[in-house]
Amino acid sequence: MKQLYLILALFFVSLSYGQAPKEKTGDIEGFKLYPNPVTNGRVTITTTLNAPKTIHIFDIFGSQILETTIIGTELNVNDLVAGVYILRVTEKNKTISRKLIVK
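Residues -18 to -1, 1 to 85 in mature numbering (1 follows the signal peptide of the UniProt record, and there is no 0) are what the sequence shown lists, from first letter to last.
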C-alpha cells in the first residue's frame, strides 16, 4: 500500500512540473546594462521603450544605497565604493534586477 502512495505522489509531482511554463511578464523588453563591471563611474541602461526609469541600488546585505530616476540612458555611479550590488530597474510597471559590479 505504501508503494501505491509513493507512485501516486510521484505521478502528481511529475504532472505539476510538466505543465506549460508561465509567460514572463515582469521583464523589461530589450533591457541592456553595460559596461558591467563598471570602471569609469557611468553605466548605460537601454530598453526598447527608452522611457524614464526608476533605479534602486542595493548592497549585498539588502540595504538600499541609491534611489534615482533617469530619463536618458546613463546612470552615474561615481559615489559607489568598489563592490557587488543589486540593480533594480523599473520602467512602465515592469521591473528587472541584475547584478552590478563596480571596480
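Ideal placement from N, C-alpha and C gives every residue a C-beta, glycine not left out.
State the start and end residues of the unbroken beta strand (DSSP E) segment that holds residue 65. Here residue 65 is taken as the residue at index 83 of the sequence shown, counted from 1. Residue 65: member of the beta strand (DSSP E) spanning 65 to 73, first to last residue.
Spatial neighbours of residue 12 within its chain, please: CB distance less than 6 Å, with the 5 preceding and 5 following residues excluded, ordered by chain position. In the sequence shown, residue 12 corresponds to position 30, counting from 1. Within the same chain, and ignoring the five residues on either side of residue 12 in sequence, the residues whose Cβ sits closer than 6 Å to its Cβ are 29, 30.
DSSP three-state call for residue 40: helix, strand or coil? Along the sequence shown, read from residue 1 onward, the residue named residue 40 stands at position 58. Strand at residue 40.
So, for residue 33: in the same chain, excluding its five sequence neighbours on each side, which residues have a beta-carbon less than 7 Å away from its beta-carbon? As a first step, residue 33 is located in the sequence shown; it is residue number 51 there, counting from the start. Cβ neighbours of residue 33 beyond the five flanking positions: 73, 74.
Alpha-carbon to alpha-carbon, residue 15 and residue 9: If you number the sequence shown from 1, residue 9 lands on position 27. If you number the sequence shown from 1, residue 15 lands on position 33. For residue 9 and residue 15, the distance between alpha carbons rounds to 13 Å.
So for residue 77, helix, strand or coil by DSSP? Sequence index remark: in the sequence shown, residue 77 carries index 95 (1-based). DSSP, read as helix, strand or coil, puts residue 77 in strand.
I'd like to check one pair, residue 67 with residue 37: are the Cβ atoms closer than 8 Å? Mapped onto the sequence shown, residue 37 falls at position 55. Mapped onto the sequence shown, residue 67 falls at position 85. Cβ atoms of residue 37 and residue 67: not closer than 8 Å.
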